[in-house]
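Chemist: I'd like to ask you about the structure that follows.
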Amino acid sequence: MTVTYTREVATCRGLSRFLTLLLRWRGSIYKLVYWELVFFLVIYYLLNIVYRCLLDKTGKEWFEDIVKYCNASTNYIPLSFVLGFYVSIVMARWWNQYLSIPFPDALAVYVSATIHGHDERGRVMRRTIMRYVCLCVTMLFTNISPKVKKRFPNLDHFVKAGLMEESEKRVIQELNQQFPAYSKHWLPLVWASSIITRARKEGRIRDDFAVKTILDEINKFRGKCGILITYDRISIPLVYTQVVTLAVYTYFLTALLGRQNVEGHGYVIDLYFPIFTLLQFFFYMGWLKVAETLINPFGDDDDDFELNWMVDRNLQISYLIVDEMHHEHPELIRDQYWD
Amino acid sequence: MTVTYTREVATCRGLSRFLTLLLRWRGSIYKLVYWELVFFLVIYYLLNIVYRCLLDKTGKEWFEDIVKYCNASTNYIPLSFVLGFYVSIVMARWWNQYLSIPFPDALAVYVSATIHGHDERGRVMRRTIMRYVCLCVTMLFTNISPKVKKRFPNLDHFVKAGLMEESEKRVIQELNQQFPAYSKHWLPLVWASSIITRARKEGRIRDDFAVKTILDEINKFRGKCGILITYDRISIPLVYTQVVTLAVYTYFLTALLGRQNVEGHGYVIDLYFPIFTLLQFFFYMGWLKVAETLINPFGDDDDDFELNWMVDRNLQISYLIVDEMHHEHPELIRDQYWD
Amino acid sequence: MTVTYTREVATCRGLSRFLTLLLRWRGSIYKLVYWELVFFLVIYYLLNIVYRCLLDKTGKEWFEDIVKYCNASTNYIPLSFVLGFYVSIVMARWWNQYLSIPFPDALAVYVSATIHGHDERGRVMRRTIMRYVCLCVTMLFTNISPKVKKRFPNLDHFVKAGLMEESEKRVIQELNQQFPAYSKHWLPLVWASSIITRARKEGRIRDDFAVKTILDEINKFRGKCGILITYDRISIPLVYTQVVTLAVYTYFLTALLGRQNVEGHGYVIDLYFPIFTLLQFFFYMGWLKVAETLINPFGDDDDDFELNWMVDRNLQISYLIVDEMHHEHPELIRDQYWD
Amino acid sequence: MTVTYTREVATCRGLSRFLTLLLRWRGSIYKLVYWELVFFLVIYYLLNIVYRCLLDKTGKEWFEDIVKYCNASTNYIPLSFVLGFYVSIVMARWWNQYLSIPFPDALAVYVSATIHGHDERGRVMRRTIMRYVCLCVTMLFTNISPKVKKRFPNLDHFVKAGLMEESEKRVIQELNQQFPAYSKHWLPLVWASSIITRARKEGRIRDDFAVKTILDEINKFRGKCGILITYDRISIPLVYTQVVTLAVYTYFLTALLGRQNVEGHGYVIDLYFPIFTLLQFFFYMGWLKVAETLINPFGDDDDDFELNWMVDRNLQISYLIVDEMHHEHPELIRDQYWD
Amino acid sequence: MTVTYTREVATCRGLSRFLTLLLRWRGSIYKLVYWELVFFLVIYYLLNIVYRCLLDKTGKEWFEDIVKYCNASTNYIPLSFVLGFYVSIVMARWWNQYLSIPFPDALAVYVSATIHGHDERGRVMRRTIMRYVCLCVTMLFTNISPKVKKRFPNLDHFVKAGLMEESEKRVIQELNQQFPAYSKHWLPLVWASSIITRARKEGRIRDDFAVKTILDEINKFRGKCGILITYDRISIPLVYTQVVTLAVYTYFLTALLGRQNVEGHGYVIDLYFPIFTLLQFFFYMGWLKVAETLINPFGDDDDDFELNWMVDRNLQISYLIVDEMHHEHPELIRDQYWD
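Protein chains in written order, with the numbering used here: chain Y, 1 to 339; chain F, 1 to 339; chain S, 1 to 339; chain U, 1 to 339; chain R, 1 to 339.
Here it is in structure tokens:
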């Protein structure tokens with residue numbers, strides 16, 4: 001589930017509300033980087049102990065030399081620059097993925113408004129179309145999200161959840177054998193189109209205009225599914241991610257040596273704790289973790305989208321709109337400002 | 001209410017008009033940072049007094065050493081870079097949120113143009129549709145804005161404000177019990193659709209074409225509501241905000257020590273007042289405050305959008321268009337340039 | 001009027017054509033910054049004279065100390081960074097504002113094509129619709145541009161210019177009293193919609209389809225007006241503008257002292273003229289002036305849009321299309337390539 | 001004609017294919033900067049000779065002082081920053097301009113599909129509409145491109161090219177006298193709309209729906225023309241271009257002195273050739289030339305769009321689609337996969 | 001085939017999942033840069049051996065001088081800046097190209113829903129329209145991708161693949177002779193439009209509305225093809241690519257000398273291996289390789305799009321939707337939640 005905090009920063013009078021955000025744990029930078037931090041500190045102090053206790057004078061000189069060399073070389077790579085560019089690309093993708101998640105609400109309103117008939121067949125038609133739409137988006141979710149895949153590991157689970165009928169399962173299984181290479185999530189949408197054509201033939205839809213409206217909406221729905229598939233298949237080129245990861249990790253590998261507190265660092269006080277290196281660690285590693293959290297927003301992170309919640313919501317709201325609320329509205333009466 | 005100043009910078013002849021903007025208080029940088037500034041200065045001078053009056057020679061040397069160390073370490077984190085990227089993301093979201101606020105004007109024009117009939121039922125229909133639309137957007141506002149929530153803390157207040165009838169309140173309450181997890185702001189739009197279907201059946205809308213037009217417009221309206229909800233739920237990932245906040249605050253924590261005016265700073269004059277550090281403070285803290293102001297544009301800041309004003313405006317303008325001005329226009333006469 | 005120069009840089013053979021652009025005065029950097037430049041130089045030389053002629057040795061040492069201190073502190077604020085981000089935001093807004101200016105041409109073509117009848121009533125209808133559209137955009141312009149406001153200071157001037165009839169003025173005045181808080185620019189568009197509904201009823205528009213087309217176009221038109229209003233009301237947050245202005249001006253305040261040519265600067269030659277500081281001045285102040293010119297593109301600057309020209313053009317072209325050219329086209333004959 | 005090279009970089013195995021691109025001349029950086037380069041080197045060596053041969057010892061000391069001063073001052077202006085921002089603005093405009101060039105293909109398909117009749121009048125109508133569309137875009141091109149203007153210096157050349165008939169020329173000339181201030185490129189589109197209205201009246205277009213489709217398409221076409229005009233009229237603000245040009249040229253003016261190889265530069269070897277300064281020259285000047293090439297993509301540069309080619313293509317393809325291929329398609333037969 | 005890895009980074013608990021990505025070979029940075037790396041190291045050590053073994057003392061001094069000079073000059077060019085801007089432009093183009101690839105699915109659904117008739121002619125019509133659409137996109141692919149060109153080197157191969165009939169081949173060959181300069185990929189779409197017009201005439205499409213829907217969809221399809229052509233023809237201006245390539249390669253040419261481990265480098269230890277220079281090499285060269293991989297996404301790289309797979313998929317899915325599934329849908333029965 002995504003971590004929401006806009007309400008807590010609704011105003012910015014007095015001291016910064018952002019400071020209170022620093023105290024959070026869920027989805028926080030501390031939770032994300034603390035394993036790396038522990039590793040970093042352990043190795044840092046191991047090296048420090050080696051230097052202080054185990055090395056003789058020549059060894060110490062060598063060590064100091066390496067420290068000096070590493071320290072001078074940390075600036076070879078413009079970390080902030082590449083992270084800035086990379087993270088803004090990842091964030092843009094992340095947001096666009098959210099906006100591409102299709103919701104059946106619009107379709108439900110159109111179906112409710114244009115497929116007439118309070119008899120059973122009318123109800124079945126409206127409900128089946130919406131069930132197909134929800135089935136489509138759920139099948140899509142199993143393709144892109146491990147969380148939803150865990151909930152629907154095979155077609156039987158769709159049947160059990162009421163999203164699919166046995167006969168439909170068999171059709172899909174047949175097609176899966178014929179064309180194993182392609183995703184089948186769009187299949188229910190084709191069925192939905194066929195039902196709409198049939199509803200027009202039977203006169204339940206009164207004009208060609210409404211047919212077009214619904215077909216267009218189904219088409220838009222399929223377009224959004226396609227975009228989600230695209231985002232799943234076409235990752236940010238691996239080489240870019242590798243460049244950034246390499247840059248950050250080698251930076252801190254270098255810092256492990258370069259920021260060691262050796263003699264000749266020019267300060268009287270003995271710096272037992274590399275406070276500013278740790279700040280840098282928080283900063284750069286945290287920035288990288290922003291990317292890592294957002295690169296797959298359909299996973300298990302604190303900040304990932306709640307697809308399972310959407311699966312339930314879609315079906316409930318769809319049935320609510322096309323069935324219970326079908327052509328229902330409160331009585332038409334004069335409002336308060338009637339003159 | 002947002003702070004408007006474009007009119008004052010309409011021209012840029014002579015000295016910069018931007019300079020006059022520096023004299024403003026509402027929505028200004030001074031108003032936003034002065035608490036932080038006061039804190040900063042108090043601690044800065046406390047430390048200064050400790051150094052000058054309380055420390056002995058060894059203590060002073062230690063202090064000077066720490067100052068030197070801190071001063072050398074302030075540049076470890078590229079503040080301007082991360083602020084630049086972060087603020088541009090926040091600004092883009094802020095502006096998109098404004099553009100996503102739905103206005104009922106377009107719908108009102110369509111409703112007025114296509115639902116015919118000067119009798120009471122026609123008037124009731126037109127007014128009710130628009131009332132539902134305004135109700136929808138107001139319910140949405142209570143979800144995302146504490147200001148509007150304060151005005152409409154529960155459903156009774158909608159009834160009192162004339163946005164909702166008692167019967168409608170009961171329906172919503174029932175649904176709230178059935179499906180407590182989902183927002184119900186779209187419900188009035190479904191009712192509005194049903195009224196339109198009924199108006200078509202009664203012949204008040206003359207063609208299927210107009211039905212589609214209004215349904216499409218309602219759909220667009222619902223889409224915009226959905227985007228606002230999305231912006232409210234999906235914050236900028238917490239970790240990013242934390243990274244930026246940490247970076248800025250630790251920078252100035254470091255500066256508290258690193259910019260202390262100790263001996264050996266190389267200047268003859270005694271720098272009692274850290275003028276350039278304060279400029280930096282204004283600059284970076286101001287930049288962060290830009291983000292903090294814009295991250296939730298529906299809050300209480302000087303620069304936040306005036307949702308309560310919109311609530312009133314929407315209803316008044318809607319009724320004006322669909323009722324008072326319905327099918328009215330000035331007499332058709334020859335214009336001045338008629339030849 | 002905007003300053004156009006693309007034609008002069010159509011090619012880039014030989015020496016850079018950009019160099020010739022440096023010789024221009026209208027809309028140029030020199031015209032924009034010269035007042036600031038004069039101020040800067042006057043104060044710079046005043047300080048210089050004080051140092052060289054009025055100060056004694058201790059005073060000079062103090063002065064040199066301050067110069068050294070200021071010079072070392074100019075880099076505290078990353079000017080280029082914040083200017084780069086700020087100016088790109090301002091430019092994006094500026095261009096989007098231009099693209100949002102609504103033109104009546106498309107509507108005129110639709111009106112001419114779909115409202116039939118060569119009799120007087122047909123002509124009056126077509127002309128009146130277009131007059132309302134032009135009136136709407138002109139009323140909008142008076143809201144956002146001081147230049148157009150000067151031309152149409154009150155409603156009488158609209159009547160005089162032939163954009164409004166007396167009866168229409170009275171309606172608007174009444175509404176202004178009833179709802180003083182809201183802009184009325186959309187009112188003529190509502191009238192235009194009513195005329196279209198009437199034209200359909202009278203059979204002058206032959207199908208519902210055309211009605212929808214024109215209503216949609218009017219709606220788009222109103223949408224663009226709304227966006228312009230939005231840009232006018234929602235300025236870039238004041239605090240951002242203040243941050244940038246403060247940064248640039250304090251930079252040059254610091255430079256006034258820090259770039260003084262005092263003894264001990266390490267050069268044999270005496271630098272009477274701060275040539276590189278002036279280059280910086282041109283550069284940074286020019287960049288800020290880019291923002292200042294573009295932040296309100298409806299003002300009086302050389303680069304601002306010519307709204308008054310548009311007001312005239314809109315009415316003339318509209319009448320030309322819907323009236324003089326109504327259903328007219330050259331005789332249909334075989335073209336040259338007919339085989 | 002634009003310089004295409006994507007095919008040569010289709011793969012990136014082995015050594016970089018980008019290296020082979022360095023060997024190209026057409027549209028290359030060498031071709032663009034070599035005049036500037038020659039100037040730079042000539043002045044550089046002139047100054048060098050003056051220093052080495054003509055100056056006496058005091059003169060040399062002065063010279064060395066100036067060199068030192070200039071060298072220290074080259075970093076005052078963050079060239080890469082402002083170039084990066086400026087070039088990305090210019091590139092975005094350049095690409096959007098290409099995407100805004102209207103092509104008549106879509107209209108041709110619609111016209112061919114909806115205006116029926118194989119008789120002469122039908123053919124004339126279809127061909128005339130397409131001729132008007134091509135005329136519109138060609139008139140537009142003469143407004144924005146010196147190349148196309150050279151081909152069509154006045155209206156007679158349109159007549160000669162078969163794009164305009166004599167009678168049409170007279171109408172345009174009349175209107176040019178009446179309204180000299182406004183471009184007339186949209187006029188043929190208004191005629192085209194009138195022909196479509198007439199075709200509907202004569203029953204050659206069978207439904208109002210098709211009329212709307214074509215009118216919408218013509219409207220889109222006109223919209224794109226308008227955007228091209230806008231890009232032509234509203235240049236990037238002059239002051240921005242001046243700031244960038246000033247920055248680059250003064251940088252290299254300073255480098256002419258600052259990079260002189262004088263004594264005391266600290267190297268044993270005598271640096272006769274300023275190799276790294278030249279690399280910088282290639283780099284920054286090349287980057288500026290990117291902007292200069294793209295700022296007017298309708299000019300004479302190697303990388304400019306081939307508008308004259310488009311003029312011919314548009315007419316030929318249009319006639320081909322609406323006339324020769326009108327309602328033609330290969331015989332309908334079973335395909336290979338028929339089961 | 002693109003390299004997908006989002007699934008492996010679905011969560012970011014514990015140590016960074018990005019680290020595991022570093023172990024990949026396909027599409028990795030190592031695979032892309034290792035030839036350059038080998039070259040770099042060979043030359044580096046050759047120079048090193050020359051310095052250590054072959055040069056006498058004067059030669060060594062010269063060499064050391066050159067090293068010092070080169071080392072001081074590596075920072076003349078802001079590599080990270082220009083790479084950042086260039087790569088973000090290339091990535092935007094790459095992604096937009098993917099989004100512009102047209103898929104026939106939407107058209108197939110519309111064709112299946114609106115062209116009625118289970119007889120042979122109906123089937124032939126539906127299949128032929130879809131075959132034309134697939135033919136169009138395949139012809140387009142041969143234009144932009146060497147991989148697809150290799151599969152379909154001439155028209156006969158289209159016939160053999162079942163995408164084209166002999167009679168169609170002859171028509172295209174004739175047109176190729178008449179208008180050799182223009183691409184013919186849009187031709188099948190014109191045929192498809194004609195078939196649709198015919199289907200309407202024969203009453204197989206029941207309303208004008210559906211005709212418009214399909215024509216619009218075909219038009220959108222053609223628009224996307226046009227955009228792909230545009231991306232193929234209009235490369236990023238050569239001069240920009242050259243500037244970036246020059247910058248990166250001269251940087252490492254300079255580094256070959258400047259990073260040589262000569263005496264007087266200030267370290268006790270002898271640095272036989274230029275570890276940090278290699279990190280830089282990986283970083284900058286890898287960043288450049290990102291651009292090189294993405295600049296032509298239709299080539300042979302690991303990360304390029306699988307057009308050949310799409311060619312097969314398009315035809316199979318199209319036939320599946322319009323033929324096998326035509327107007328088919330599972331039986332309409334009550335769903336599980338029926339009350």
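C-beta atoms are modelled at their ideal positions from N, C-alpha and C, and glycine is treated no differently.
Quick one: is I333 (chain S) buried, meaning 16 or more other Cβ sit within 10 Å of its Cβ, or exposed?
Modeler: Position 333 of the third sequence holds residue 333 (chain S). With fewer than 16 Cβ atoms within 10 Å of its Cβ, I333 (chain S) is classed as exposed.
Chemist: Sorted by chain position, which residues of the same chain lie with C-beta nearer than 7 Å to D323 (chain U)'s C-beta, five sequence neighbours on each side aside?
Modeler: In the fourth sequence, residue 323 (chain U) corresponds to position 323, counting from 1. Counting only Cβ-Cβ distances below 7 Å, and skipping sequence neighbours, we find R123, R126 and R127.
Chemist: By a C-beta neighbour count over all protein chains shown, 10 Å radius and 16 as the cutoff for buried, is V42 (chain U) buried or exposed?
Modeler: Start at 1 with the first residue of the fourth sequence, and residue 42 (chain U) comes out as number 42. When all chains shown are included, V42 (chain U) counts as exposed.
Chemist: Between R:G299, R:Y319, R:V159 and R:E331, which has its C-alpha nearest Y5 (chain U)'s C-alpha?
Modeler: The residue labelled residue 5 (chain U) in the question sits at position 5 within the fourth sequence. Minimum Cα distance to Y5 (chain U) is reached at R:G299.
Chemist: M125 (chain Y) touches chain R at which residues, Cβ-Cβ below 7 Å?
Modeler: For the purposes of this step, residue 125 (chain Y) is taken as the residue at position 125 of the first sequence. Within 7 Å Cβ-Cβ: L332.
Chemist: At a Cβ cut of 7 Å, what residues of the stretch 85-114 of chain R count as close to chain U, listed as they run along the chain?
Modeler: Result list: F85 and I89.
Chemist: Check whether the Cβ of K212 (chain S) lies closer than 8 Å to any Cβ atom in chain F.
Modeler: Taking the third sequence and counting its residues from 1, one reaches residue 212 (chain S) at position 212. By this cut-off, K212 (chain S) is an interface position.
Chemist: Please report the straight-line C-alpha distance between I214 (chain R) and H157 (chain R), rounded to a whole angstrom.
Modeler: Indexing the fifth sequence from 1 puts residue 214 (chain R) at position 214. Indexing the fifth sequence from 1 puts residue 157 (chain R) at position 157. Approximately 29 Å, taken between the alpha carbons.
Chemist: Distance cutoff 8 Å, beta carbons only. Does S318 (chain Y) sit that close to anything in chain R?
Modeler: Here residue 318 (chain Y) refers to the residue found at position 318 of the first sequence. No, S318 (chain Y) does not count as interfacial toward chain R.
Chemist: Tell me where the alpha helix (DSSP H) around R151 (chain Y) begins and ends.
Modeler: Within the first sequence, residue 151 (chain Y) is the residue found at index 151, counting from 1. Note, R151 (chain Y): alpha helix (DSSP H), P146 to R151.
Chemist: Does the separation of the CB atoms of D105 (chain R) and A210 (chain U) fall below 8 Å?
Modeler: Here residue 105 (chain R) refers to the residue found at position 105 of the fifth sequence. Here residue 210 (chain U) refers to the residue found at position 210 of the fourth sequence. No. Outside cutoff.
Chemist: For P78 (chain Y), return the contacting residues in chain R, with the cut-off set at a CB-CB distance below 7 Å.
Modeler: Here the question's residue 78 (chain Y) lines up with position 78 in the first sequence. S80, listed in chain order.
Chemist: Let me know if I49 (chain U) comes out buried or exposed under the rule of 16 or more other beta-carbons within 10 Å of its beta-carbon.
Modeler: Here residue 49 (chain U) refers to the residue found at position 49 of the fourth sequence. By the neighbour-count rule (16 or more Cβ atoms within 10 Å), I49 (chain U) is not buried but exposed.
Chemist: What are the boundary residues of the alpha helix (DSSP H) that includes N154 (chain R)?
Modeler: Start at 1 with the first residue of the fifth sequence, and residue 154 (chain R) comes out as number 154. Element bounds for N154 (chain R): n/a, residue is neither H nor E.
Chemist: Just tell me which of R:A247, R:Q280 and R:F276 has its CA closest to the CA of L22 (chain U).
Modeler: Here the question's residue 22 (chain U) lines up with position 22 in the fourth sequence. Per the Cα distances, R:A247.
Chemist: List, in order along the chain, the chain S residues whose C-beta lies closer than 8 Å to that of D303 (chain F)?
Modeler: As a first step, residue 303 (chain F) must be located in the second sequence, where it is residue number 303. Simply P237, L238 and V239.
Chemist: Can you pull the chain F residues whose beta carbon is under 7 Å from the beta carbon of H329 (chain Y), in chain order?
Modeler: The residue labelled residue 329 (chain Y) in the question sits at position 329 within the first sequence. Residues of chain F passing the Cβ test: W191, S194 and I195.
Chemist: Is the beta carbon of C136 (chain S) less than 8 Å from the beta carbon of C225 (chain S)?
Modeler: In the third sequence, counting from the first residue as 1, residue 136 (chain S) sits at position 136. In the third sequence, counting from the first residue as 1, residue 225 (chain S) sits at position 225. Yes, these two residues count as a Cβ contact at 8 Å.
Chemist: What three-state label does DSSP hand I295 (chain U) in the structure shown?
Modeler: Numbered from its first residue, the fourth sequence carries residue 295 (chain U) at position 295. DSSP places I295 (chain U) in helix when its eight states are reduced to three.
Chemist: Below 8 Å on C-beta distance, what does D207 (chain S) contact in chain U?
Modeler: Position 207 of the third sequence holds residue 207 (chain S). Those are D208, listed as they occur along chain U.
Chemist: With distance defined between alpha-carbon atoms, name the residue in S:A181, S:Y182 and S:I218 nearest to I196 (chain S).
Modeler: For this step, residue 196 (chain S) is matched to residue 196 along the third sequence. Ranking the options by Cα distance to I196 (chain S), first place goes to S:I218.
Chemist: Establish whether the CB of I218 (chain R) and some CB of chain Y are separated by less than 8 Å.
Modeler: The count along the fifth sequence starts at 1 and reaches residue 218 (chain R) at position 218. No, I218 (chain R) does not count as interfacial toward chain Y.
Chemist: My understanding is that F221 (chain F) touches V133 (chain F), with C-beta atoms under 8 Å, so please give their C-beta distance in whole angstroms.
Modeler: Counting from 1 along the second sequence, the entry for residue 221 (chain F) is found at position 221. Counting from 1 along the second sequence, the entry for residue 133 (chain F) is found at position 133. Indeed, because the Cβ distance is near 7 Å, the residues count as touching under 8 Å.
Chemist: Is there contact between the stretch 164-180 of chain Y and the stretch 30-39 of chain R, where contact requires at least three CB pairs shorter than 8 Å?
Modeler: Output reads no: the stretch 30-39 of chain R does not touch the stretch 164-180 of chain Y.
Chemist: Which term fits A10 (chain F), buried or exposed, when burial requires 16 or more other beta carbons within 10 angstroms of its beta carbon?
Modeler: Locating residue 10 (chain F) in the second sequence gives position 10, counting from the first residue. Looking at its Cβ environment, which holds 16 or more other Cβ atoms inside 10 Å, A10 (chain F) is buried.
Chemist: Using a C-beta to C-beta distance shorter than 7 Å, which residues of chain Y count as neighbours of Q280 (chain R)?
Modeler: Position 280 of the fifth sequence holds residue 280 (chain R). Those within 7 Å of Q280 (chain R) in chain Y are Y76 and I77.
Chemist: Alpha carbon to alpha carbon, what distance is there between M130 (chain S) and Y319 (chain S)?
Modeler: Along the third sequence, one-based indexing puts residue 319 (chain S) at 319. Along the third sequence, one-based indexing puts residue 130 (chain S) at 130. About 7 Å.
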